[in-house]
Each structure stands twice: as structure tokens, then as C-alpha cells.
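Protein chains: 2
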Amino acid sequence: MTTKNLFNQIKAKQSFLCVGLDVDQDYFPVKIKDSPDNIFNFSKSIIDTTAKYCVGYKINIAFFEAYGIEGWNSLEKVMDYLNNYYPEIFTIADAKRADIGNTSKRYAKAYFDHFDFDSITVAPYMGADSVEPFLTYKDKHTILLALTSNKGAADFQLLHSGNDMLYERVIKTSLAWQNSNQLMFVVGATKAEALITIRKLIPEHFLLIPGIGAQGGSLEEVAKNGLNHQCGLLVNSSRAIIYASKEMDYAEKAGLAAKKIQEKMKELLIQNHII
Amino acid sequence: MTTKNLFNQIKAKQSFLCVGLDVDQDYFPVKIKDSPDNIFNFSKSIIDTTAKYCVGYKINIAFFEAYGIEGWNSLEKVMDYLNNYYPEIFTIADAKRADIGNTSKRYAKAYFDHFDFDSITVAPYMGADSVEPFLTYKDKHTILLALTSNKGAADFQLLHSGNDMLYERVIKTSLAWQNSNQLMFVVGATKAEALITIRKLIPEHFLLIPGIGAQGGSLEEVAKNGLNHQCGLLVNSSRAIIYASKEMDYAEKAGLAAKKIQEKMKELLIQNHII
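Protein chains in written order, with the working numbering: chain A, 224 to 498; chain B, 224 to 498.
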């Protein structure tokens, strides 16, 4: 999927919402806690009620991986379902992979060839040759961690090196990598003020913004500092949507929670003359 | 497994070799390229001929993940085999995971609870709360990336921040994390000179050293700068062992390649009065 396709979808749905599928049996309604294939069925129900309000699904791979083979089976089914029924929606493997070149190549194969995700999140610590194997895929996107939403972000990402903080250096350095136009960047919603600096470095790139909702970031602040002429933002909400209800109306309530965010996003897109 | 158990094994086998299972069908002998269950069968044969010469197996998760469900099935079988037949051998999930706390918790569940690995490699970029969930497991070990063996290591790991390079800061900062005694660190064999500095910071911790063989690092240099009173090193070799032959004698040749390294290691352990 190209970023142009993504922007067209943003305009059509008047939304830049990404729904995070952090699928956790511990939060399931009691009635489906032990039902067969409940990871897939829960995901499918959530997708069906939220798809018209969002432009992306961010699938948190850890939550599938934790269940071993059962989880991987569910992941295959979720991705088949999305690719068959909602091919226009941007899919993100939130996997935070990266390793030496021959190994990153394998992760790229897993997520781009095998599962056919549109994008994957990648950690920058190992540098150029750990990220470039992902960037060789045309019309796929590599979402590099820049400034994350968690407390531990301060440990290394905010360290000063010369005139830059590490996360700024990560962004600047990555722009010289091969196919860097296929990069997107993760910036936590809890770090909305940093978006001003970040937009100076990368005015055009899309940013994936986790951290509104359960983690406490503000959508308005993020939009104010982060929107660009083609929107340029994918704002993720996971728990606030998919666990909006712990009863059997969970899918319906997830749809309503997504709709509420989409309505705010529509206003923000209009206010900023993007739609 | 405790580090004491690991040291006992090092003394018993007179080896600090870790065999890397980067299992790649493209390198398999032609005769088994399309045989059923060949990922597991190849791994099993390699394990059986190398187990007496090594103290650890580093399983490169990407190489299994790339094959989807088939790969995960093979990974289950390889770990069942190791845990049942070679429970004394230290197992490393070379996965380079890490994410916000609730997600790292899931990765820890996958590799420590589900697969019962003794350790996992973890990336430091997201800081304390992305690593501590791994450290809560008693007698399991978290192997933090410090200075990696690849070219891209120079992009960020060698950046100066104050008086430290980033990788030094990663080591120093991580020592304040909860259960930091359960940390080990990755240092590439191609960076053997840095081991002198690193051993000043962490004289006691075990280091996982990839990069001898195909990547060009020197075992002698690594031993000279990295050995401590309880050995403190796990030196990994992957391709040079498991693809020592592309014919049907691959397992036998892998055993011979491992034996050759073990013999050198024995000398180094004796020279340094460790055994």
C-alpha cells in the first residue's frame, strides 16, 4: 500500500485512527474466555464493528506469540481475514524486530511475504544494516522507533549526543538509509511537545502515535503538533477501544469507542483544512 | 539455570561454545531440502553431534518465524527435544525483543513459560520498563544488546553522550534495574578491543559473543580480553558449524567443527587457569 492510498482512505473515512489489537484472553468477557478459537473470534468481532471508523490495525505480535502455536494460528487467521475482507486497511505488525542483516531479512520475510502486513515496527539500536532489509520491500513500510510512549524512553532516547538527543539522531541518520522514503516513525502521544521538533526534521513522513487512552496522551495536542498536509499521523488506541466493555457487548462498545474518536478526528481534520 | 550451573558445565565440557541454530533451508543439503519436518530433523541431527562440545544453543527465532506455523511447530519440537534430552545445556532465544511493559511481559511469557528457554536476547532502546518484565523470572537470564557485531553498530551504539559511548551507558544504566544480576550482555566478537572497557564495568557478568567464524571475529582476542574467573563468556558460532558441509555428512561435519573450537577453548581455559 502506498502512502497515497493511505491518505485517500483517511479522507474517505475522515479518520486517522489505528485500532491496536492487543488481544489478551485475561480481559475477555467471561463467557468467551474458554471458547475455542476465541483469540481469532474476538479479533474478528472487533474488526467488524470498528473497520469503518479506522484506517489501520496495529497487531501486537507479543499477544499472539505468548500463546505459542495456538497464537500463531490465530494470527494467520486474523491476517487472512483482514487481507480478504478489508484489503484497503493499513496493517501494522507491531513486532519491534531488528537484528543483523541476514536475520532481519528473515523477519521481513515473515511479516511482509508470509503474513502480508503493510508495515512493521522496527527497533533502531543495531543501525542501518539491521533496518535496510525491511526497506527493500516496495510499497511496504518500516516504522522505526524514535521516541516511545513509555517511562523507559527517558533512559536512552533522551540522552544528549552533541546537539541532538538520541531519538533525533535516530531520525536524522535513518533518512540517509536506502529507501528511507518508506520509513515511518513511532512517537508516543505522551511526548506530544516533541512533535514540534520532529516535524521540523521530517515534515512529510507518517508517524505512528501510540499512547492515547490507557497511557494518557492527548489527541488534540498530538494533532496540533503533528498533522501535515497529507495528515501524516496514525493515532493508535488499543485497550480503550477493544476492552471498552467486559461484557458480551464488547464488539458493539468497541465500535462506539472507535466512532467517538473518529468524530473528534474528523473535526481536527476539518479544522486543519486537510479534508 | 543458574550461572553456577552454567560454569559447572563449562568446566565439565572444557568449552564455552554456544552453537547458533540459524536454521535456513536454503543451505540444507539438496537431499533433505524438501523432506517433511526438515527444520526439526536438521536441528536435531546438529544437536546430537555437537552437544558434547558446547554448553549452549542459541536459537535464532527469525529463522523459524520466517516459515510461519510450520516454523513455530519446528521451534516447539526443537525446544522439547533440548529440554528433554539435554536439560543441562543453556538455551538462548535469540529474539531481540522488548516493548512497553505489558507487552514485554507477553514476550517473557512466550519464551520463558511457553518454550522454557533459559534466556532471551533483548534490545535496550525502550529502557528499564521494557526489560524488567524479563528480569522478574528467577533463574532465567536476560541478555541485553550492548555492542553488536554488525557494521550498523557504529550508527548509534558508538555515539558519545557525556564521557560514555551509548553502549557503555546502556551497560551502566542497566545495572540499576531490578534483578540486574540476571543480566548478561551481547558484545560482538568483531569488537574484541572494547571488551577491556566492558570488563571494567561488568567484571562478573556473562557475555554472549557472536561474530566469530562467518563474521570474522577472533576467539583468541575475545578470550584474552573477556574471560573472567568463572569464564564469563559464551562464544557463539552459527554458520561455520551448522553449514560446515552441504552434503549429507552435515551433522558429522558440524560435530567436527564444534570439536575443533572446543579444543581451542580448552587450551584457553587452561592457559587462563579457569580449569
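Even glycine gets a Cβ: it sits at the ideal position worked out from N, Cα and C. Since this is a predicted model, take the numbers as computed values, not measurements.
Enclosing beta strand (DSSP E) for residue i [first to last residue]
i: D247(B); result: It is not in any beta strand (DSSP E) - D247(B) carries neither H nor E in the DSSP assignment.
i: L407(B); result: The sequence shown places Met at residue 407(B), rather than the Leu named in the question. Residues 406-410.
i: A318(A); result: 313-320
i: A369(A); result: 364-370
i: A279(A); result: Sequence inspection shows Gly at residue 279(A); the Ala mentioned does not correspond to that position. First-last of the beta strand (DSSP E) with G279(A): 279-283.
i: T344(A); result: 342-345
i: L381(A); result: Counting along the chain, L381(A) falls outside any beta strand (DSSP E), and DSSP gives it neither H nor E.
Within 7 Å, strictly: CB atoms of residue i and residue j
i: F313(A); j: L367(A); result: no
i: T371(A); j: M349(B); result: yes
i: I270(B); j: V246(B); result: no
i: P252(A); j: E475(A); result: no
i: N404(B); j: L450(B); result: no
i: G440(B); j: T413(B); result: yes
i: H337(A); j: G291(B); result: yes
i: A477(B); j: I465(B); result: yes
i: D317(A); j: N283(A); result: yes
i: G294(A); j: F287(A); result: yes
i: I394(B); j: A369(B); result: yes
i: I315(B); j: K281(B); result: yes
i: Y304(A); j: K275(A); result: no
i: K533(A); j: A346(A); result: A question about residue 533(A) goes unanswered here, because the residues of chain A that appear run from 224 up to 498.
i: A463(B); j: E444(B); result: no
i: T272(B); j: V242(B); result: no
i: A480(B); j: C277(B); result: no
i: L418(B); j: N373(B); result: no
i: A399(A); j: Y330(B); result: no
i: M224(A); j: D339(A); result: no
i: V410(A); j: L430(A); result: yes
i: S397(A); j: S384(B); result: no
i: L424(A); j: T365(A); result: no
Per-residue contacts from residue i into chain A (C-beta, under 7 Å)
i: H428(B); result: Near H428(B) there are no residues of chain A at all, since even the closest Cβ is about 18 Å away, more than 7 Å.
i: S384(B); result: L382, H383, S384
i: D352(B); result: N373, K374, G375
i: A195(B); result: Chain B is shown only over 224 to 498; residue 195(B) falls outside these bounds and no answer can be derived.
i: A477(B); result: Within 7 Å Cβ-Cβ: nothing; A477(B) doesn't reach chain A, min ~18 Å.
i: A474(B); result: Per Cβ cutoff of 7 Å: no residues; A474(B) is ~22 Å from chain A at best.
Where the alpha helix (DSSP H) through residue i begins and ends
i: S353(A); result: 351-358
i: N448(A); result: 442-449
i: S460(A); result: Not the alpha helix (DSSP H): S460(A) falls in the beta strand (DSSP E), residues 456-460.
i: I262(A); result: 261-273
i: Q305(B); result: It should be pointed out that residue 305(B) corresponds to Leu in this sequence rather than to Gln. Its alpha helix (DSSP H) spans residues 291-308.
i: I432(A); result: Where I432(A) is concerned, there is no enclosing alpha helix (DSSP H), although the beta strand (DSSP E) it sits in stretches over 430-432.
i: C453(B); result: It should be pointed out that residue 453(B) corresponds to Gln in this sequence rather than to Cys. First-last for Q453(B): undefined, no H or E at that position.
i: E486(A); result: 473-494
i: Q232(B); result: 226-236
i: K423(B); result: 417-424
i: I328(A); result: A quick correction: the sequence has Lys, not Ile, at residue 328(A). From DSSP, the alpha helix (DSSP H) with K328(A) extends over 324-331.
i: I394(A); result: 389-397
Contact set between residue i and chain B, taken where Cβ atoms lie within less than 8 Å
i: E288(A); result: R329, Y330, A333
Proximal residues of chain A, C-beta to C-beta of residue i below 9 Å
i: M349(B); result: K319, A346, L368, T371, N373, G375, A376, D378, F379, Q380
i: A480(B); result: Within 9 Å Cβ-Cβ: nothing; A480(B) doesn't reach chain A, min ~19 Å.
Amino acids of chain A, ordered along the chain, whose beta-carbon sits closer than 8 Å to that of residue i
i: I292(B); result: I292, W295, N296, E299
i: H337(B); result: A289, Y290, G291
i: A412(B); result: What A412(B) touches in chain A: nothing, since even the nearest Cβ is about 12 Å away.
Neighbour list for residue i in chain B, Cβ cutoff strictly below 7 Å
i: V242(A); result: Per Cβ cutoff of 7 Å: no residues; V242(A) is ~16 Å from chain B at best.
Contacts that residue i makes with chain B (C-beta to C-beta distance below 9 Å)
i: G324(A); result: N373, K374, G375
i: A316(A); result: None at all; the shortest Cβ gap to chain B is about 11 Å.
i: Q235(A); result: Going by the sequence as given, residue 235(A) is Ala instead of Gln. The premise fails here: A235(A) is roughly 31 Å from chain B at the closest Cβ pair, so nothing lies under 9 Å.
### Query
Are the stretch 344-364 of chain B and the stretch 318-332 of chain B in contact at 8 Å, needing three or more beta carbon pairs?
With the cut-off at 8 Å, the stretch 344-364 of chain B and the stretch 318-332 of chain B touch.
### Message
Beta carbons nearer than 8 Å to chain A: which residues of the stretch 365-378 of chain B have them?
### Response
Answer set for the stretch 365-378 of chain B: L368, T371, S372, N373, K374, G375, A376, A377, D378.
### Message
With a threshold of 8 Å, are at least 3 pairs of Cβ atoms found where one atom belongs to the stretch 358-365 of chain B and the other to the stretch 372-387 of chain A?
### Response
Touching, no.
### Query
With a cut-off of 8 Å, do at least 3 Cβ pairs link the stretch 420-439 of chain A to the stretch 453-462 of chain A?
yes
### Query
Relative to chain B, which residues along the stretch 250-283 of chain A have a C-beta separation below 7 Å, given in chain order?
Within the stretch 250-283 of chain A, the residues whose Cβ lies closer than 7 Å to some Cβ of chain B are N283, listed in chain order.
### Query
Would you say the stretch 227-245 of chain B touches the stretch 480-495 of chain B, given that touching needs at least three Cβ pairs under 8 Å?
yes
### Query
Which residues, in chain order, does the stretch 381-410 of chain B contribute to contact with chain A at a C-beta distance below 8 Å?
L382, H383, S384, G385, L389, R392, V393, T396
### Residues, ordered as in the chain, of the stretch 447-468 of chain A that lie near chain B by beta-carbon distance below 8 Å
When CB distances to chain B are screened at a threshold of 8 Å, not a single residue of the stretch 447-468 of chain A falls below it.
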